[in-house]
Amino acid sequence: EEKSEFMSFASHQVKGPLTNVKVATSMLLAGDFGPLPDQIKEIVKGLYDTAEKAIPMVQNFLDISKLEQSGGMQFDKKPIDIRQVAEEVMSGQKITAEAKGLGLEFSVSPEGNFTVNADPTKIKEVIFNLIDNAIKYTPRGKVEVTLRADGQNKKVLLSVRDSGVGLTADDLVRLFTKFGRGKDAKRVNTHSSGLGLYLARQIVDAHGGRIWAESEGSGSGSVFTVELPTDR
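Residue 635 is where the sequence shown starts when you use this note's numbering, and the numbers rise one by one after that.
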């Protein structure tokens, strides 16, 4: 428990300065303080990218430390429209996808109940992790996010489909365990804590939902799906 408390403290101390770096560099890149010389702009862009990659990893360590402490993660559940939460995540991730030359598409079924009783911050974290992973492990092509309501079973389902490295049968078994990563994923991307999907499962389970992955094998892309109960 002392180790978890230390990790939580250390992560908090790191996250604040990283967030400040991200905000400041984004303002510089947006030209809020005037145009930047190309050479300086490249340096600032590098700082922004580093902070953007590091912040989710630090957040994962924070959440892990909370899970391992006696109280566990705390949830502030309330009725939320999951369409709005997903759109907010998509808006932020479009820049990341475009920087890699990837398409990022979002489609929502026209009818149904999309209200779930959930912690918006934690659900946003789940959706972010799924889309972020899809972008990381897709060298080319696109990432498709779909959201549909299953009125008959009172569920909403969000799926993230990528055209990336794919997953083997062994990968699917260990993917949602702590530090679990796909074999090809380790080769393609080293900037990952291996905690995002583990935390996503803990959060989804705490909301009475399910999360799973599907893939036809290495090189065939993957589909990750989150299923949550609606409020009625």
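Beta carbons are placed, not taken as given, at the ideal position from N, Cα and C, and that holds for glycine.
Note that this is a predicted model, so its numbers are computed, not measured.
Could you spell out where the beta strand (DSSP E) holding residue i opens and where it closes?
{"i": "K712", "result": "K712 to D715"}
For my contact list, residue i and residue j are in at a C-beta cut-off of 8 angstroms; report their separation, rounded to the angstrom.
{"i": "T802", "j": "S725", "result": "With a Cβ gap of about 33 angstroms, T802 and S725 do not count as contacting."}
{"i": "L806", "j": "S849", "result": "7 angstroms"}
{"i": "L809", "j": "L831", "result": "6 angstroms"}
{"i": "F748", "j": "V790", "result": "6 angstroms"}
{"i": "G800", "j": "K776", "result": "Not a contact, Cβ separation roughly 15 angstroms."}
{"i": "K649", "j": "I689", "result": "7 angstroms"}
{"i": "G798", "j": "S856", "result": "7 angstroms"}
Starting from residue i and walking both ways along the alpha helix (DSSP H), at which residues does that stretch end?
{"i": "A840", "result": "G830 to A840"}
{"i": "L670", "result": "Run containing L670: none; DSSP gives neither H nor E here."}
{"i": "L806", "result": "A803 to R808"}
Bridge partners for residue i per DSSP, in chain order?
{"i": "D796", "result": "V777 and S856"}
{"i": "V790", "result": "A783 and L862"}
{"i": "E848", "result": "V857"}
{"i": "V723", "result": "Answer is none; V723 lacks a bridge partner."}
{"i": "V678", "result": "Looking at the DSSP assignment, V678 forms no beta bridge with any residue, so it has no partner."}
{"i": "V742", "result": "L781"}
What is the DSSP secondary structure of residue i, reduced to helix, strand or coil?
{"i": "N751", "result": "strand"}
{"i": "L862", "result": "strand"}
{"i": "L662", "result": "helix"}
{"i": "G737", "result": "strand"}
{"i": "T824", "result": "Residue placement at T824 is poorly supported in this model, since its pLDDT is 49, which falls under 50; the coordinates are not used for a value here."}
{"i": "T653", "result": "helix"}
{"i": "V648", "result": "helix"}
{"i": "K611", "result": "Nothing about residue 611 can be read from this structure; the chain reaches only from 635 to 866."}
{"i": "F709", "result": "coil"}
{"i": "T772", "result": "coil"}
So the candidates are the options; which of them puts its Cα closest to the Cα of residue i?
{"i": "Q786", "options": "T755, E745 and Y771", "result": "E745"}
{"i": "S699", "options": "K812, T864 and A840", "result": "K812"}
{"i": "I716", "options": "K649, D804 and S793", "result": "S793"}
{"i": "Q708", "options": "M661, A664, I757 and L662", "result": "I757"}
{"i": "P863", "options": "N767, I714 and Q693", "result": "I714"}
{"i": "F740", "options": "F748, E778 and I765", "result": "E778"}
{"i": "D753", "options": "H841, D666, S743 and L738", "result": "H841"}
{"i": "D796", "options": "D804, A783, K770 and I674", "result": "K770"}
{"i": "A720", "options": "G737, I845 and E759", "result": "E759"}
{"i": "T653", "options": "G828, K687, D839 and D804", "result": "K687"}
{"i": "V838", "options": "V648, N763, D804 and G800", "result": "N763"}
{"i": "A685", "options": "Q673, P651 and V742", "result": "P651"}
{"i": "D710", "options": "A783, V750, S743 and I729", "result": "V750"}
{"i": "E676", "options": "Q836, L663 and F667", "result": "L663"}
{"i": "A658", "options": "Q673, D865 and Y682", "result": "Y682"}
{"i": "L696", "options": "P773, Q647 and A731", "result": "Q647"}
{"i": "A731", "options": "N767, S743 and K712", "result": "N767"}
{"i": "T755", "options": "F667, Q693, M661 and G680", "result": "Q693"}
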